[in-house]
Amino acid sequence: MASVVKSSRSKAPLPQTADSQDAGSLGGKQSVSITGGTGGTGGTGHNTGSLSEKLKVFKSSQFDPHAFVTSKCETMSEKEIRRLCSYLLDLKKASAEEMRKSVYANYAAFIRTSKEISDLEGELLSIRNLLSTQSALIHALAEGVRIDSLSTGPEGSTGKEIFTSEHREPSKIEKWSVEFPDTLEVLLAEKRVDEALAVLDEGESIAEDASVRKTLSLDALLSLQTAIAEHRQKLADQLAEAACQPSIHGVELRSVVLALRKLGDGPRAHTLLLDAHYRKLHYNMQSLHPSNASYGGAYTTALSQLVFSAIAQAASDSLAVFGEEPAYASELVTWSIKQTVSFAHLVKRHALASCAAAGGLRAAAECVQIALGYCSLLEARGLALCPVLLKLFRPSVEQALYANLKRIEDSSAALAAADDWVLTHPPLGTRPLGRSSTASLGSVISSQPKLSSSAHKFNSMVQEFFEDVGPLLSMQLGGHTLEGLLQVFNCYVNLLINALPGSMDDEGNFEGSRNKIVRMAQTEAQQIALLANASLLADDLLPRAAMKLSPLYQAGGKDETLRRASDKQNRIPEQREWKRRLQRSVDRLRDSFCRQHALELIFTEDGDKHLSAEMYISLDDNADEPEWFPSSIFQELFLKLNRMAIAAADMFVGRERFANILFMRLAETVILWLSDDQAFWEEIEAGPKALGPFGLQQLYLDMEFVILFASQGRYLSRNLHQVIKDIISRAIEAFATTGMDPYSVLPEDEWFADFAQVALKTLTGKTKFSTDRDVASPTASISAQSISSVMSHGST
Numbered sequence: 000m001a002s003v004v005k006s007s008r009s010k011a012p013l014p015q016t017a018d019s020q021d022a023g024s025l026g027g028k029q030s031v032s033i034t035g036g037t038g039g040t041g042g043t044g045h046n047t048g049s050l051s052e053k054l055k056v057f058k059s060s061q062f063d064p065h066a067f068v069t070s071k072c073e074t075m076s077e078k079e080i081r082r083l084c085s086y087l088l089d090l091k092k093a094s095a096e097e098m099r100k101s102v103y104a105n106y107a108a109f110i111r112t113s114k115e116i117s118d119l120e121g122e123l124l125s126i127r128n129l130l131s132t133q134s135a136l137i138h139a140l141a142e143g144v145r146i147d148s149l150s151t152g153p154e155g156s157t158g159k160e161i162f163t164s165e166h167r168e169p170s171k172i173e174k175w176s177v178e179f180p181d182t183l184e185v186l187l188a189e190k191r192v193d194e195a196l197a198v199l200d201e202g203e204s205i206a207e208d209a210s211v212r213k214t215l216s217l218d219a220l221l222s223l224q225t226a227i228a229e230h231r232q233k234l235a236d237q238l239a240e241a242a243c244q245p246s247i248h249g250v251e252l253r254s255v256v257l258a259l260r261k262l263g264d265g266p267r268a269h270t271l272l273l274d275a276h277y278r279k280l281h282y283n284m285q286s287l288h289p290s291n292a293s294y295g296g297a298y299t300t301a302l303s304q305l306v307f308s309a310i311a312q313a314a315s316d317s318l319a320v321f322g323e324e325p326a327y328a329s330e331l332v333t334w335s336i337k338q339t340v341s342f343a344h345l346v347k348r349h350a351l352a353s354c355a356a357a358g359g360l361r362a363a364a365e366c367v368q369i370a371l372g373y374c375s376l377l378e379a380r381g382l383a384l385c386p387v388l389l390k391l392f393r394p395s396v397e398q399a400l401y402a403n404l405k406r407i408e409d410s411s412a413a414l415a416a417a418d419d420w421v422l423t424h425p426p427l428g429t430r431p432l433g434r435s436s437t438a439s440l441g442s443v444i445s446s447q448p449k450l451s452s453s454a455h456k457f458n459s460m461v462q463e464f465f466e467d468v469g470p471l472l473s474m475q476l477g478g479h480t481l482e483g484l485l486q487v488f489n490c491y492v493n494l495l496i497n498a499l500p501g502s503m504d505d506e507g508n509f510e511g512s513r514n515k516i517v518r519m520a521q522t523e524a525q526q527i528a529l530l531a532n533a534s535l536l537a538d539d540l541l542p543r544a545a546m547k548l549s550p551l552y553q554a555g556g557k558d559e560t561l562r563r564a565s566d567k568q569n570r571i572p573e574q575r576e577w578k579r580r581l582q583r584s585v586d587r588l589r590d591s592f593c594r595q596h597a598l599e600l601i602f603t604e605d606g607d608k609h610l611s612a613e614m615y616i617s618l619d620d621n622a623d624e625p626e627w628f629p630s631s632i633f634q635e636l637f638l639k640l641n642r643m644a645i646a647a648a649d650m651f652v653g654r655e656r657f658a659n660i661l662f663m664r665l666a667e668t669v670i671l672w673l674s675d676d677q678a679f680w681e682e683i684e685a686g687p688k689a690l691g692p693f694g695l696q697q698l699y700l701d702m703e704f705v706i707l708f709a710s711q712g713r714y715l716s717r718n719l720h721q722v723i724k725d726i727i728s729r730a731i732e733a734f735a736t737t738g739m740d741p742y743s744v745l746p747e748d749e750w751f752a753d754f755a756q757v758a759l760k761t762l763t764g765k766t767k768f769s770t771d772r773d774v775a776s777p778t779a780s781i782s783a784q785s786i787s788s789v790m791s792h793g794s795t
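The opening residue of the sequence shown carries number 0 in numbering that gives the first Met the number 0; numbering runs sequentially from there.
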């Protein structure tokens, strides 16, 4: 929880108002538990109760720290003692946090009690004066009874003494008490406050002395005390009236408040001081009209100067007159928070509301930055009110943030409807991502990434979005910003998925993108361009834009410094997790791409299968040996991957690893479908026709062909190689159930490798296929150990 009063200003704790509490909670601090772990400060009641239970041992009046440590350390090793020290330090932090939470939770009651104590002090003073008056009255009555008894004394008395007492000359004190009211009247009429205060103090001193020494008669004493009380109240009312005058300010206001405090009415004096500053602020604000400002920043600047200068002056006057007394400091804080809240509502109404509604994040951020700049100046006077502003401004800035993100999403969707999915460099006039003062325009443009038109616009809008968003960090909205950007990127990836021809019949039509029109990517090159868009945005462009939220960038770091710090920034757990979530969106697009192309290879347009058990079993129906060449589906797989590799060479410059992963996943998708196709294996293993020698050899050749072109293309993964080995093993086991030795019909590995290599060259046009099987016949050289080398073949 953020403090609103610094310890140098007042020893009073923070006021636990709803504003300051919520604002302080933005910090998200953690407290250490009794066991040494960490937990959120905003824990549940169960956690708090557990902490209280564990702290009971330290609350006992008989707690002996030395004995406690000795009992723990007698049988401990050095490592355990260090762990205990760490545990005790964590316990100390937890105890301090518990104390802080307890104080803050009851602070409102503390302020109220402090005010009641101040009022009670005034009442006690009045009671003391009343008791003093009653005491004097009792003494005077007793003296009067004694005098009356003397007047009716012995018969021998002549009454001469009484005559002498009644006609004696008044004493000096009696004369002063008679002149006292008139003197005060003159001083009050002439507004000679300091002299009136001195006379009142002298009168109280004389009245107290006369009450003890009996130097004044009862009537005179009562008259003097009544005059003191009446004129004290009259002076207080006169001072209060002066403090309420609109023209009073500066030194005169402090003098009036100080005089009123000397009269014993400190709480009233402090309230009048704050009221005077409020009236002055309200009067100055009447001349400020929002319509006169050309934009919200000018209005925010003018209003900030008025409000925070008024709070600063009030804090100075309060400190000068009342010092650091907790009750007055707490009232000043409460008053300052109230003025800050009113200021925030005015800024929201006349500046932030329009910015937030229109999605003007930059204008909204500027208004917030101006207000925070002026507010932070109060910290030098002991007031930290920025958390209050942050809590109040946060909803408006969030509204502008989400409106901006929504605009990016809608604009990207509109552009995707007309995108031709051809990758180009950024158009002229677009601000380059990296500048060089000596580089030519052509070299700068050529160094920029190649994207399609909608991706270029998406990137430029994101880059502009992150300009001038410093307040988002101070308002702890950096996480919200990254999360919002991630959601917008997910929506754009959904558009790319919908641009795949097969996505219209797929369940991958995501909520929010079904009703958006997207231009289809018909060719393989266009479809690969979709992946190039998503991968470049997720790997480089979006993380680079997010770096503008880093403290280094906000501190004025240069582009080169940011680039050097990029890798280090990405090692932060939150940053790594955010990048992983971006990559998962790209993976969804890649999986949809691979699924679509795998289905095109496996199924015909009529729904029949290109890859079935029949294509292997039927080979043994003919007595003639088949033409040994990979099956058509695997030929098509190779040709498709080869075409895609050529197209990707220009699209994934410097990011060849992504292209390799793409082709690896596509090959895996096809082979995994074969591995998991239950109908295929049921027919192979338990069908009416058994798998024959030619069928086993053809399946082995197909798998060897996949291994060969995948390894040469550098996308033979360990998973793909293992699945191929499992398929071969399962086919051999199915053949063995016929009673024949599979290794007796399988040629050596070199035979399969040679035919796979010939097929590869034939398909690429490097040689012509020959049907001469004089030496190439699988029956020409058969070895029981031929399968072993494939099963132990390594993967890349």
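Where is the CB? At the ideal position from N, CA and C, for every residue including glycine.
Check	Outcome
DSSP beta-bridge partners for Leu-812?	Lying before the first or after the last residue shown, residue 812 is absent from the chain, which here runs from 0 to 795.
Using only the alpha-carbon positions, how far apart do Asp-748 and Glu-523 sit?	35 Å
Which residues does DSSP list as the beta-bridge partners of Lys-608?	Phe-602
List the whole-angstrom C-beta distance separating Leu-598 from Gly-501, where the pair is believed to meet the contact cut-off of C-beta under 8 Å.	7 Å
Tell me whether the stretch 577–595 and the stretch 623–634 touch, counting them as touching only if at least three CB pairs, one residue from each stretch, are closer than 8 Å.	no
Whose C-alpha, out of Arg-348, Ala-383, Ser-125, Leu-88, is nearest the C-alpha of Cys-366?	Arg-348
In chain order, what residues of the same chain lie with their CB nearer than 7 Å to the CB of Leu-495, ignoring the 5 residues before and after it?	Leu-529, Asn-532, Ala-533, Leu-588
Report the three-state DSSP secondary structure of Asn-105 (helix, strand or coil).	coil
Where are the alpha helix (DSSP H) runs, 4 residues long or more, that stay fully inside the stretch 636–689, in chain order?	655–675, 677–685
May I have the straight-line CA-CA distance separating Gln-582 from Leu-481, to the nearest angstrom?	14 Å
Roughly how many angstroms lie between the CA atoms of Thr-300 and Lys-390, to the nearest whole one?	19 Å
If you follow the alpha helix (DSSP H) that Ile-516 is in, where does it begin and where does it stop?	Taken as a continuous stretch (DSSP letters only), Ile-516 belongs to no alpha helix (DSSP H), as it is neither H nor E.
Given a cut-off of 7 Å on the beta-carbon distance, is the pair Cys-490 and Glu-408 in contact?	yes
When the Cα of Val-387 is compared with those of Cys-374, Ser-303, Phe-637, which residue comes out closest?	Cys-374
How should Ser-315 be labelled, buried or exposed, when 16 other C-beta atoms within 10 angstroms of its C-beta is the threshold for buried?	exposed
Assuming Gly-483 and Tyr-401 form a contact by the criterion Cβ under 8 Å, report the distance between their Cβ atoms to the nearest whole angstrom.	6 Å
DSSP state of Gly-478, grouped into three classes?	helix
Taking DSSP as the reference, what is the three-state secondary structure of His-269?	helix
Need the endpoints of the alpha helix (DSSP H) that Gln-61 sits in, please.	That residue, Gln-61, is in no alpha helix (DSSP H); it is neither H nor E in DSSP.
May I have the straight-line CA-CA distance separating Ala-357 from Leu-351, to the nearest angstrom?	10 Å
Output the distance between the C-alpha atoms of Met-663 and Val-722, rounded to the nearest integer angstrom.	13 Å
Thinking C-alpha only, which one of Ala-454, Phe-342, Lys-608, Gly-691 is nearest Asp-676?	Lys-608
Count the other C-beta atoms from every protein chain shown that fall within 10 angstroms of the C-beta of Arg-380, then say buried if there are 16 or more, exposed otherwise.	buried
Can you list, in chain order, the residues of its chain with a C-beta nearer than 6 Å to that of Lys-547? Leave out the 5 residues immediately preceding and following it.	Phe-465
So, at 6 Å on beta carbons, what are the nonlocal neighbours of Asn-458 in its own chain, with the 5 sequence-adjacent residues on each side left out?	Leu-540
Could you check if Glu-796 is buried or exposed, using at least 16 other CB atoms within 10 Å of its CB as the buried criterion?	Nothing about residue 796 can be reported from this structure: the residues present for the chain run from 0 to 795 only.
Out of curiosity, what's the CA-to-CA distance linking Asn-497 and Ile-670?	25 Å
Starting from Gly-372 and walking both ways along the alpha helix (DSSP H), at which residues does that stretch end?	360–375
Closest by CA to Gly-265, which one among Ile-645, Pro-746, Ala-326?	Ala-326
Run through the stretch 691–715 for me and flag every whole beta strand (DSSP E) of 3 or more residues, listed as ranges in chain order.	none
Let me know if Lys-639 comes out buried or exposed under the rule of 16 or more other beta-carbons within 10 Å of its beta-carbon.	buried
For my contact list, Ile-601 and Trp-672 are in at a C-beta cut-off of 8 Å; report their separation, rounded to the angstrom.	6 Å
In angstroms, rounded to a whole number, what distance separates the CA positions of Gln-525 and Trp-420?	5 Å
Can the beta-carbon of Leu-665 be found less than 7 Å from the beta-carbon of Phe-734?	no
Note down the Cα distance separating Asp-590 from Asn-641, rounded to an integer number of angstroms.	19 Å
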